[in-house]
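Trainee: Please read through the structure below; I'll follow up with questions.
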């Protein structure tokens, strides 16, 4: 049967997932590999089968008779299901579905780390040019709103359809998102020492709001992560009380947002409420929350600050910096939401903590800041802490399985 169906392992088919025509991807559409339809005579099956690359190109071209991706039986592979490229002549196995899920999650985290690093660098640059954090925060949310709305209007992404009750449910989540973003911008890089405690906030809120118990060993494993990132941050970045309270506000607000967002994704209300659409809606609502506060707090002095900043930076350059930073902010948060939907909230928070080490190192390189021995030691402690956290979570899963 395997021979007649022409199922074979071919890792090169992974390239097909990167081609433009992969919008037709239908993972999980078929529970097992089927025999060819009677519409395709056996004689055709006996002829020389198309190569995997040919099937990949057929998938990219689309149209009648094009190859499609399907979930099939792995046959001789040590897995239940595999992703395959299939056409009328048979199927070529790409990889196991578990491997594809793992690769997808790795891509999410790589994009999250990379875009977040770009955002932090761009944010420092724009605040140096125009020090209006409240208005800059609102500007980032506006940029994200203007980014996602055309995706809905053009049909590139299916627009969400929300009921009035769903909007009321999302309103406090959007408020937390807006407040967390403003707090992060106000604290800037100087608040990194306090932001390192985000896993602690997430553990507490997970237990309080979701009823999820955090095992003692898991909780203890968070200590070196927090301590290591704090040590790495404080050795390089100056500390102020403004940044301290801004970072504390950001920690609490973002942890609450992540928890409530996960609840919302598990029980969606309305149509087309995917994680990325949920974040798009939250961004628009957050902008509506942030704008009044920004105008009240910084509106009266905005003209004077802008005039002073224009003496050193061209207005068009300041606008460009603000837009680029807003795009970084929107895209990295959307990817973070996708990652959040795939992992435990505490795992997400720990990854967020380790991400700060990456950001710190990137900023050291970009701004030519010398890296002290304390910074190196702190980064190492944080990485070791993440290892102990993984061991603790693994032991937790084993106990639940027993």
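Numbering (mature numbering (1 follows the signal peptide of the UniProt record, and there is no 0)), first residue to last: -24 to -1, 1 to 378.
Backbone N, C-alpha and C fix where the C-beta goes; we use that ideal spot for every residue, glycine too.
How far does the alpha helix (DSSP H) with residue 285 in it extend, from its first residue to its last?
Mentor: Here the alpha helix (DSSP H) through residue 285 covers 251 to 286.
Trainee: Let me confirm a value: residue 62 is counted as buried when at least 16 other C-beta atoms fall within 10 Å, else exposed. Which label applies?
Mentor: The residue is buried, with at least 16 neighbouring Cβ atoms inside 10 Å.
Trainee: Using only the alpha-carbon positions, how far apart do residue 267 and residue 114 sit?
Mentor: When rounded, the distance between both Cα atoms is 6 Å.
Trainee: Considering only the alpha carbon of each residue, which of 163, 132, 233, 270 lies closest to residue 182?
Mentor: When only C-alpha atoms are compared, the closest one is 233.
Trainee: Report yes if the C-beta distance between residue 116 and residue 294 is below 7 Å; otherwise report no.
Mentor: No, Cβ-Cβ distance for residue 116 and residue 294 is not below 7 Å.
Trainee: So, residue 300 versus residue 160, is the Cβ gap smaller than 7 Å?
Mentor: In this structure, residue 160 does not lie closer than 7 Å to residue 300 by Cβ.
Trainee: Have a look at 180, 186, 129 and flag the residue whose alpha-carbon is nearest the alpha-carbon of residue 194.
Mentor: Closest by alpha carbon: 180.
Trainee: Going by DSSP in three states, residue 49 sits in which element: helix, strand or coil?
Mentor: Three-state result, residue 49: strand.
Trainee: What distance in whole Å lies between the Cβ atoms of residue 334 and residue 89, which are believed to be in contact at a cut-off of 8 Å?
Mentor: Correct: roughly 5 Å between the Cβ atoms.
Trainee: How many Å lie between residue 162 and residue 277 at the Cα?
Mentor: Taking the straight line from one Cα to the other gives about 16 Å.
Trainee: With residue 103 and residue 109 assumed to form a contact (beta carbons below 8 Å), what rounded beta-carbon distance in angstroms separates them?
Mentor: About 6 Å separates the two Cβ atoms, so the contact holds.
Trainee: Check the DSSP bridge columns for residue 412 and list the partner residues they point to.
Mentor: Given a span of -24 to 378 for the chain in the structure shown, any question on residue 412 remains unanswerable.
Trainee: Would you report the Cα separation of residue 80 and residue 314, rounded to the nearest angstrom?
Mentor: Computed Cα separation, rounded: 10 Å.
Trainee: Would you give the residue range spanned by the alpha helix (DSSP H) that residue 77 belongs to?
Mentor: Where residue 77 is concerned, the enclosing alpha helix (DSSP H) stretches over 73 to 105.
Trainee: What span of residues does the alpha helix (DSSP H) with residue 309 cover, start to end?
Mentor: Looking at the DSSP string, the run of the alpha helix (DSSP H) that includes residue 309 is 291 to 316.
Trainee: Take every Cβ of the stretch 147 to 161, pair it with every Cβ of the stretch 220 to 233, and state whether three or more of those distances are shorter than 8 Å.
Mentor: Result yes; three or more Cβ-Cβ pairs closer than 8 Å.
Trainee: What beta strand (DSSP E) runs, 3 residues minimum, are completely inside the stretch 328 to 378?
Mentor: For the stretch 328 to 378, not a single whole beta strand (DSSP E) run of length 3 or above is found.
Trainee: For residue 76 versus residue 91, is the C-beta distance shorter than 7 Å?
Mentor: Not closer than 7 Å, so no.
Trainee: Measure the CB-CB distance between residue 87 and residue 340 and report whether it falls below 7 Å.
Mentor: Contact flag unset, no.
Trainee: Quick check: what's the CA-CA separation for residue 222 versus residue 228?
Mentor: Looking at the two C-alpha atoms, the distance is approximately 10 Å.
Trainee: Suppose the cutoff is 7 Å on Cβ atoms and the five residues either side in sequence are ignored; what does the same chain contact list for residue 308 look like?
Mentor: Excluding positions up to five away in sequence, the list reads 88, 91, 92, 95.
Trainee: Within its chain, find whatever has a CB closer than 6 Å to the CB of residue 253; leave out the 5 residues flanking it on each side and keep chain order.
Mentor: 136, listed in sequence order.
Trainee: Between 350, 47, 201, 328, which lies nearest to residue 68 when the distance is taken from Cα to Cα?
Mentor: Selected option, being the one with the closest Cα: 47.
Trainee: Find out if the Cβ-Cβ distance for the pair residue 201, residue 362 is shorter than 7 Å.
Mentor: The answer is yes: Cβ separation under 7 Å.
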